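Notes follow the structure.
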Ligand SMILES: [Zn+2]
C-alpha cells in the first residue's frame with residue numbers, strides 16, 4: 043500500500059493544505075476553555091465528523107478520540123485535565139455502527155505477541171456489542187475518582203449510514 047497518489051505524498055498534501063488555510067486564517071482570539079464546557083469522547087473512525095454531526099463550532103468542545111471511543115486510563119487523564127484545568131462539566135461518549143473493534147478480540151494481543159515477540163501492555167478493548175460498551179464507558183466515567191463532574195454523562199451510538207445518534211440508556215443491561 044502506498045501513501046502516495048497522483049497528487050504526491052499524502053503528508054505533503056496536508057502541509058500544502060495548511061499553507062492555504064493559514065493564508066486565510068485570522069486569530070479568533072479564543073480562550074483555551076471550551077465555550078460549551080463539554081468534552082466529547084469518540085471513535086477515531088474516518089466517517090465520523092464530530093463537529094458537523096453535533097453542530098459544533100471551533101472552540102466549543104474538547105474532542106478526545108481513540109480506536110473505539112473507549113474510556114481508557116488515558117481518556118480519563120484527558121477528561122481530568124479537561125474538567126480540572128479547562129472548565130468542562132459535561133461528557134458525551136460516542137461509539138458507532140460498523141466499528142473496526144467489533145471484528146477484533148483480545149486474541150489480537152496474543153497474535154501481536156507471537157509476531158513481534160512482545161506482549162503489548164495495553165488491552166485491545168474490543169467489544170461485540172457497541173451499546174453495552176457505551177454503558178461500560180459511561181460507568182467508567184461516572185465512577186472515576188479523578189473527575190469533578192460526573193452528573194451529566196451521556197452515551198450514544200452513531201449510525202454511519204443515517205448520520206443519526208441513538209442514545210444509550212445506562213440502566214438497560216445487555217439484551218438477552
Ligand atoms: Zn470505530
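Numbering (our numbering), first residue to last: 43 to 218.
Backbone N, C-alpha and C define an ideal beta-carbon position, used for all residues, glycine too.
All figures in this text were calculated on a predicted structure; none of them were measured in a lab.
Listed in chain order, the non-local C-beta contacts of residue 198 below 8 Å within the same chain comprise 134, 135, 136, 137, 176, 207, 208, 209, 210, local neighbours out to five positions each way being set aside. Three or more beta-carbon pairs separated by less than 8 Å are not found between the stretch 148 to 161 and the stretch 108 to 116, which leaves the two stretches without contact. When the Cα atoms are used, residue 61 and residue 55 turn out to be separated by approximately 10 Å.
Cβ-Cβ distances below 7 Å link residue 173 to 199, 210 in the same chain, with the five nearest sequence neighbours on each side left out; the list follows chain order. At the C-beta level, residue 51 and residue 100 stay beyond 8 Å of one another. According to the DSSP assignment, residue 108 belongs to the beta strand (DSSP E) that extends over 103 to 108. For residue 137, the beta-bridge partners assigned by DSSP are 199. Bounds of the beta strand (DSSP E) holding residue 207 are 207 to 210. Annotated three-state conformation of residue 127 is coil, per DSSP.
Per DSSP, the continuous alpha helix (DSSP H) segment holding residue 52 begins and ends at 52 to 66.
In the DSSP assignment, no residue is bridged to residue 117.
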